[in-house]
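Per the UniProt record's numbering, the very first residue in the sequence shown carries number 1; after that it's consecutive. Every residue gets a Cβ at the ideal spot worked out from N, C-alpha and C, and that includes glycine.
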Amino acid sequence: MNEETPDAKNRQLENDRTDSEGPLTTETGVRVEDTDNSLSAGERGPTLLEDFHVREKITHFDHERIPERVVHARGAGAYGHFTPYEGLSDLTAAHFLSDPGVTTPVFVRFSTVAGSRGSADTVRDVRGFAVKFYTEQGNYDLVGNNMPVFFIQDGVKFPDFVHAVKPEPHNEIPQAQSAHDTLWDFVGLQPEATHMMMWLMSDRAIPRSYRTMQGFGVHTFRFVNDRGQGTFVKFHWKPLLGTHSLVWDEAQRIQGKDPDYNRRDLWEAIERGQYPEWELGVQLVPEENEHDFDFDLLDPTKLIPEEQVPVRPVGRMVLDRNPDNFFAETEQVAFHTANVVPGIDFTNDPLLQARNFSYLDTQLLRLGGSNFQQIPVNRPVAEVSNNQRDGFSQHRVHRGQTSYYPNSLGGGCPALADEGVYRHYTEKVEGAKVRKRAESFKDHYSQARLFYNSLADWERDHLVAAFRFELGKCEELAVRQREVANLVNVDHGLAVAVAEGVGVEPPEDPGAAGHGDSSPALSQANTAFGDLTGRQVAVLVDHGVDGTAAEALRDALVGRGAVVEMLAPLDGAVRTREGGDLPVDRSYTTVSSVLYDAVAVPGGPDSVASLAEDGEARHFVLEAYKHHKPIAAVGQGTSLLSGGGLPGRLSESPLETESIEGVVRSPGADSDLTEEFARLIGLHRHWERPTDAVSA
Ligand code: HDE
């Protein structure tokens with residue numbers, strides 16, 4: 001373990017932390033005895049201009065807002081650290097990847113893309129996954145997304161794309177949604193977006209949690225070693241909990257029930273000490289193999305199938321500390337793709353090249369000038385020394401007579417560095433100036449098809465439903481029809497299914513069958529299952545509940561890392577069948593089944609009878625059932641399943657042993673029940689459960 005680095009950032013921040021203690025003062029430190037009454041000429045007279053306290057207080061308030069990010073405005077952040085598994089010096093000069101003994105502090109910000117700062121978390125959207133490594137060689141930012149490809153190939157199209165997806169300009173509707181005419185108008189006319197639209201219509205766009213999201217660098221980058229040799233690299237973050245998503249209907253309901261759902265989940269997991277972890281992986285392509293693929297490595301609408309180039313795990317990131325202040329840290333953090341360290345370089349991906357311009361430019365506006373790197377969350381732990389001076393909000397007090405290079409009056413300082421320096425990869429470049437897309441960028445459908453081929457049946461069903469939902473919200477039939485015409489190049493069956501759903505002409509079969517390739521790694525069916533860490537389980541109880549069963553279930557699940565809450569009609573406590581008091585965590589009228597991953601109903605005739613008479617309780621179970629969630633019913637608790645309008649085979653014989661996908665029923669809370677319930681929760685959702693007939 002490196003002595004200096006693990007908490008280098010945390011230690012640095014210590015100097016900036018402020019606890020508003022002691023007597024109230026003005027910004028200039030003058031003590032204030034009354035902040036409730038303005039200084040006025042007489043008790044009922046006009047306020048006096050000379051009241052510097054009221055002027056300062058209100059002026060500061062007037063200036064509290066800064067522009068939100070033009071994209072990725074809504075986000076949540078956390079600190080943590082990264083440790084490599086092994087030294088990668090043969091590939092890269094990056095020190096933070098050179099030695100398992102080096103642990104590097106990080107700050108990560110997750111985000112949605114289209115919505116404003118105050119929009120809901122669980123919208124259908126791409127998620128940002130931006131990591132700032134505070135390395136000993138300077139800050140390195142890996143500014144990625146939770147999907148491995150992008151909508152456009154060239155950065156010059158980015159303003160067009162963002163204008164299309166953002167709320168429409170004439171009425172600013174809809175907020176944080178892609179289901180509207182302008183987005184589909186744009187992507188229908190822009191076939192290069194097709195692959196990414198497949199990802200956006202998939203479950204990847206509604207992650208259950210930031211903790212259950214993959215991350216991708218998207219572009220092909222370049223590792224460069226000490227000898228100046230380059231290797232192409234794609235970055236992957238893999239969550240240890242697996243990649244899991246919400247159900248679309250559930251995601252929409254959460255937008256109202258808890259718009260902070262993903263943000264809260266991250267915050268609470270860290271507060272509980274359940275630190276989320278990701279493994280960093282790299283796909284490596286030697287320079288000489290650049291042209292071995294049937295797509296261009298520089299094209300950001302393409303991924304490298306893992307089956308073609310395996311992902312090599314190279315390190316681990318843990319997020320273990322929440323920020324002290326949202327604005328100071330999460331809002332003011334400034335990521336920039338051009339923040340690189342020795343050993344990591346760019347490629348000529350035209351999207352990446354534009355990003356390298358855009359991020360600095362946007363921070364200058366958003367953070368009010370050129371000194372934003374001095375803001376605590378942005379400051380590197382590496383030494384900073386240069387001749388840059390002045391500017392708005394300069395916090396450094398530079399000493400000395402000189403601020404130029406070369407100089408003799410300042411002792412020649414700062415001197416040019418001669419070791420550990422950043423050297424750009426000496427790539428040979430030649431060519432005529434042209435505005436032309438390379439021929440190698442022109443296949444827009446093969447990988448969209450690869451993605452479709454790779455999905456499990458339930459994932460395809462969700463994808464079709466998402467296309468129908470989104471296109472169904474477009475008013476212009478021509479826009480719907482054009483997208484369907486696009487999809488026929490991916491898969492005829494998909495295009496027909498979407499066309500039927502949105503009431504436009506099903507397209508002709510183009511005849512030529514597309515390729516049958518698939519990449520199992522792209523399916524969420526092949527992710528990690530079984531870890532209950534941070535899973536939210538609701539236990540519905542009322543007076544007369546079988547307290548022994550309820551507590552046994554809770555203790556067993558908590559022991560496996562789940563968060564279990566006792567929910568009753570009223571807050572406080574319920575009397576158990578055994579005569580004791582069972583504390584209630586909250587009234588279920590303040591929450592909703594969509595905020596939980598699983599529901600249990602313990603027995604106790606009185607408790608169950610009372611719950612069965614309450615529409616809220618019945619709806620809770622029914623809705624969980626509709627959203628494919630695991631349900632456990634103990635003893636008489638099984639009868640709650642029968643009263644709620646669930647499909648026949650569940651309601652007719654609640655204690656029958658006929659198995660129902662994701663439902664466990666048992667006469668008592670024995671270890672078999674808890675074991676089975678835990679297994680079902682670990683499987684996340686039970687997609688094979690038919691729910692079409694369920695109205696909840
Ligand atoms: Fe961004 N992007 N982007 N982007 N991006 C921004 O920078 C931009 C792109 C991504 O949590 C902005 O500081 C252009 C791809 C994340 O603070 C802005 C292009 C990927 C974040 C910007 C892209 C991303 C941003 C807005 C096309 C995935 C949030 C505020 C050439 C690999 C970072 C800001 C955070 C933020 C520009 C495309 C990821 C305007 C011009 C591809 C995660 O500079």
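Query	Result
Cβ-heavy atom distance, THR220 to ligand 1, below 8 Å	no
Closer than 8 Å: ARG379 CB and nearest ligand 1 heavy atom	no
Distance between LYS166 and ASP154 (C-alpha atoms, nearest Å)	19 Å
Cutoff 8 Å; reference LEU532; Cβ partners in own chain excluding five residues on either side	LEU557, ARG560, GLY561, ALA562, ALA678, ILE681 and GLY682
Alpha helix (DSSP H) runs wholly inside the segment 49-129, at least 4 long, in chain order	52-62
Range covered by the alpha helix (DSSP H) that runs through PHE346	Careful: PHE346 lies outside any alpha helix (DSSP H) and carries neither H nor E.
Inter-stretch contact at 8 Å, needing at least 3 Cβ pairs: the segment 609-626 / the segment 581-592	yes
Same chain, Cβ closer than 7 Å to GLU578, neighbours up to 5 away in sequence not counted	GLY547 and THR548
Candidates THR194, HIS170 and ASN145, of which the one nearest ALA485 by Cα	THR194
DSSP bridge partner residues for ILE631 (one or two, in chain order)	VAL599 and VAL663
Residues bridged to GLN283 (per DSSP)	LYS234
As assigned by DSSP and simplified to three states, the class of ASN453	helix
Contact under 9 Å by Cβ, LEU200 with VAL102	no
Closer than 8 Å: HIS72 CB and nearest ligand 1 heavy atom	yes
Contact under 9 Å by Cβ, PHE232 with PRO276	no
beta-carbon SER178 near ligand 1 non-hydrogen atom, thresh 8 Å	no
Helix, strand or coil at THR182 according to DSSP, with G and I counted as helix	helix
Where VAL149 falls: helix, strand or coil (DSSP)	coil
For LEU266 and ARG17, the rounded distance between their alpha carbons	22 Å
Which residues DSSP lists as bridging PHE221, in chain order	VAL233
Within-9 Å CB hit, ALA669 to chain C	Here chain C cannot be found, since the structure has a single protein chain.
Burial state of PHE357 (16 or more Cβ within 10 Å)	exposed
Secondary structure of GLN536, DSSP reduced to three states	strand
For GLY572, the nearest candidate out of LEU49, HIS543 and SER593 (CA to CA)	HIS543
TYR134: CB within 8 Å of a non-hydrogen atom of ligand 1	no
Start-end ranges of the beta strand (DSSP E) lying completely within the segment 566-594, minimum 3 residues	572-575 and 581-584
Backbone secondary structure at TYR359 - three-state DSSP	helix
Opposing strand residues paired with GLY144 [DSSP bridges]	PHE129
Contact test: ASN322 Cβ vs ligand 1 heavy atom, cutoff 8 Å	no
CA-to-CA distance, GLY635 to SER651, given in whole angstroms	Confidence is the limiting factor: at SER651 the pLDDT is only 49, short of 50, which leaves the residue's position unreliable, though a coordinate-based value still follows. Near 15 Å, if we compare the C-alpha coordinates of GLY635 and SER651.
Where the alpha helix (DSSP H) through PRO605 begins and ends	605-612
Extent of the continuous alpha helix (DSSP H) run through ILE494	Reading the sequence as shown, one finds Leu at residue 494 and not Ile. That run of the alpha helix (DSSP H) goes 492-502.
Inter-residue spacing [alpha-carbon to alpha-carbon] between SER454 and SER202	12 Å
Limits of the alpha helix (DSSP H) - the one that GLU682 falls within	One point to set straight first is that residue 682 is Gly, not Glu, in the sequence displayed. Its alpha helix (DSSP H) spans residues 671-682.
Cβ-heavy atom distance, GLN363 to ligand 1, below 8 Å	yes
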